[in-house]
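K.L.:
Sharing a structure below in C-alpha cells format, with a few things to ask.
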Amino acid sequence: MTGVPVIAADGATVTLGDTTLLAPTTFAVMPGELWCVTGSNGSGKTTLLRAFLGGRSLTAGSCSVRGEPATMAKPLHRRLVASLVEPIPVARDMTLREQVTLVAASWYGNTTHTTERADQVIERLGLASLGERFPHQVSSGQLQLFSLALTLVRPADVVLLDEPERHLDRHRVELVAALLTERARNGTAFLVATHEAALVEAADGRVELG
Numbered sequence: 033m034t035g036v037p038v039i040a041a042d043g044a045t046v047t048l049g050d051t052t053l054l055a056p057t058t059f060a061v062m063p064g065e066l067w068c069v070t071g072s073n074g075s076g077k078t079t080l081l082r083a084f085l086g087g088r089s090l091t092a093g094s095c096s097v098r099g100e101p102a103t104m105a106k107p108l109h110r111r112l113v114a115s116l117v118e119p120i121p122v123a124r125d126m127t128l129r130e131q132v133t134l135v136a137a138s139w140y141g142n143t144t145h146t147t148e149r150a151d152q153v154i155e156r157l158g159l160a161s162l163g164e165r166f167p168h169q170v171s172s173g174q175l176q177l178f179s180l181a182l183t184l185v186r187p188a189d190v191v192l193l194d195e196p197e198r199h200l201d202r203h204r205v206e207l208v209a210a211l212l213t214e215r216a217r218n219g220t221a222f223l224v225a226t227h228e229a230a231l232v233e234a235a236d237g238r239v240e241l242g
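Converting from the sequence shown to this note's numbering requires adding 32 to each position, the first position being numbered 1.
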C-alpha cells in the first residue's frame, strides 16, 4: 500500500474501568477505499466510529484523519468528515427535498447546481417520489434513506456510517451499496460498521472486532 492513509487507527483502545469497549485496533484506509467494520454486538464498532469523530476518548493508541488527531473541534476535521453515527436532527415542518437541498446549500452555496446535487442523491436513494413528504409521513426504512441522503449530499473526504442498512430491505441495501461504491471510486474513503453481507462483499477491506 502506497500513499498516505486518509483514516488510520494505531492500537486504538478504549476501556472503562475493567471493561474493554474497544480492543487494540490498527488499520489504515486509503482515499477511494470502502472498508467495513464487523463483529458481534458489543465488540466496539460504534465506539471505533465515535473515536474518529472525537466523541470517544481513547485509553491508548490513536485515531487520525489525514495524519491529524481526530477531533470535531477543528473546522478542517468537520469539513473532511461526514457521518451518520448518531441520529441526525430533522425538521418536522420541512419536506425531505427541502432539507437535503438546505444541507447541500450550506456547503456548496445556493445555486442551481446545488439543487441538482440534492435531487441526484434523492433519486439515487429511491426517494424522488417522496421528496414533498415530511419526515413523519415516511416509513422507518425511508427515514433511514433520508438520513443517508442528508449525509451523502455534502462534500467529504471521509464518511463514517453506523449500520446504514438499518430498517432497509434487500433492494434498498443494494441501492446503498452501489452508491457508496460509486462515491468511493470518486475518491471518498468510507468506514462502515455493518452486519450486512452485501456491504462487506463490496468493501475493499475489513476490520474484524471481537
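Just so it is clear, CB atoms sit at the ideal spot from N, CA and C, and this is done for glycine as well.
(1) Whole angstroms is fine: what's the gap from Asp-201's alpha carbon to His-227's?
(2) Please state the DSSP three-state secondary structure of Met-33.
(3) Short check: CB of Pro-56 to CB of Gly-43, under 9 angstroms?
(4) Thinking C-alpha only, which one of Asn-142, Gly-242, Ile-120 and Val-135 is nearest Pro-196?
(5) Taking the continuous alpha helix (DSSP H) assigned at Gly-173, which residues delimit it?
(6) Say yes only if the C-beta of Ala-123 is nearer than 8 angstroms to one or more non-hydrogen atoms of the ligand SAM, and no if none qualify.
(7) Decide if the region 208–221 is in contact with the region 159–170; the criterion is three or more beta carbon pairs, one per stretch, under 8 angstroms apart.
(8) With 16 as the cutoff for other CB atoms within 10 Å, does Ala-114 come out buried or exposed?
(9) Gly-71 to Pro-101, Cα distance in whole Å?
(10) Rounded to the nearest angstrom, what separates Phe-178 and Ser-96 at their Cα positions?
(11) So, Gly-87 versus His-109, is the Cβ gap smaller than 9 angstroms?
(12) Compare the beta carbon distance of Ala-209 and Ala-230 with 9 angstroms and say whether it is the shorter of the two.
(13) Would Ala-221 pass as a contact of Val-61 if the rule is Cβ separation under 9 angstroms?
(14) Quick one, which of Val-122, Thr-52, Glu-233 and Glu-65 has its alpha-carbon nearest Val-205's?
(15) Which class does Glu-100 belong to by DSSP, given the choice of helix, strand or coil?
(16) Look up Arg-204 in the DSSP assignment and give the residues it is bridged to.
(17) Starting from Arg-238, trace the beta strand (DSSP E) both ways and give me its first and last residue.
(18) Please classify Ser-115: does DSSP put it in a helix, a strand, or coil?
(19) Identify, in the order they occur along the chain, each residue of the same chain with its Cβ nearer than 7 angstroms to the Cβ of Arg-124, setting aside the five sequence neighbours on each side.
(20) Can you name the residues that DSSP bridges to Val-38?
P.N.:
So, from the data block:
(1) Against the sequence shown, residue 201 aligns to sequence position 169. Against the sequence shown, residue 227 aligns to sequence position 195. Roughly 13 angstroms separates the two Cα atoms.
(2) For the purposes of this step, residue 33 is identified with residue 1 of the sequence shown, where counting begins at 1. For Met-33, the predicted structure reports a pLDDT of 46, less than 50, and the residue's modelled location is therefore unreliable. The matter cannot be settled from this model.
(3) If you number the sequence shown from 1, residue 56 lands on position 24. If you number the sequence shown from 1, residue 43 lands on position 11. Yes, these two residues count as a Cβ contact at 9 angstroms.
(4) In the sequence shown, the residue the question calls residue 196 occupies position 164. When only C-alpha atoms are compared, the closest one is Ile-120.
(5) For the purposes of this step, residue 173 is taken as the residue at position 141 of the sequence shown. Unbroken alpha helix (DSSP H) run through Gly-173: 172–184.
(6) With respect to the ligand SAM, the structure shown offers nothing to examine, as it has no ligands at all.
(7) no
(8) Along the sequence shown, one-based indexing puts residue 114 at 82. Burial call: buried.
(9) Counting from one through the sequence shown, the residue named residue 71 turns up at place 39. Counting from one through the sequence shown, the residue named residue 101 turns up at place 69. Going from the Cα of Gly-71 to the Cα of Pro-101 covers about 25 angstroms.
(10) On the sequence shown, position 146 is the one that residue 178 refers to. On the sequence shown, position 64 is the one that residue 96 refers to. For Phe-178 and Ser-96, the distance between alpha carbons rounds to 28 angstroms.
(11) Position 55 of the sequence shown, counted from the start, is the residue given in the question as residue 87. Position 77 of the sequence shown, counted from the start, is the residue given in the question as residue 109. No.
(12) Within the sequence shown, the letter at position 177 stands for residue 209. Within the sequence shown, the letter at position 198 stands for residue 230. Contact: yes.
(13) For the purposes of this step, residue 221 is taken as residue 189 along the sequence shown, with counting starting at 1. For the purposes of this step, residue 61 is taken as residue 29 along the sequence shown, with counting starting at 1. Result yes, Cβ atoms of Ala-221 and Val-61 sit closer than 9 angstroms.
(14) The residue given as residue 205 occupies position 173 in the sequence shown. Of the listed residues, the one whose Cα sits closest to Val-205 is Glu-233.
(15) On the sequence shown, residue 100 is found 68 positions in, with the first residue counted as 1. Looking at Glu-100 - three-state DSSP - the assignment turns out to be strand.
(16) In the sequence shown, the residue the question calls residue 204 occupies position 172. In the DSSP output, where bridge partners are listed per residue, Arg-204 has none listed.
(17) Taking the first residue of the sequence shown as position 1, residue 238 is located at position 206. 237–240 is the span of the beta strand (DSSP E), which, as asked, contains Arg-238.
(18) Locating residue 115 in the sequence shown gives position 83, where the first residue counts as 1. Three-state result, Ser-115: strand.
(19) Position 92 of the sequence shown holds residue 124. So the qualifying residues of the chain are Phe-166, Pro-167 and His-168.
(20) Start at 1 with the first residue of the sequence shown, and residue 38 comes out as number 6. Beta-bridge pairing links Val-38 to no other residue.
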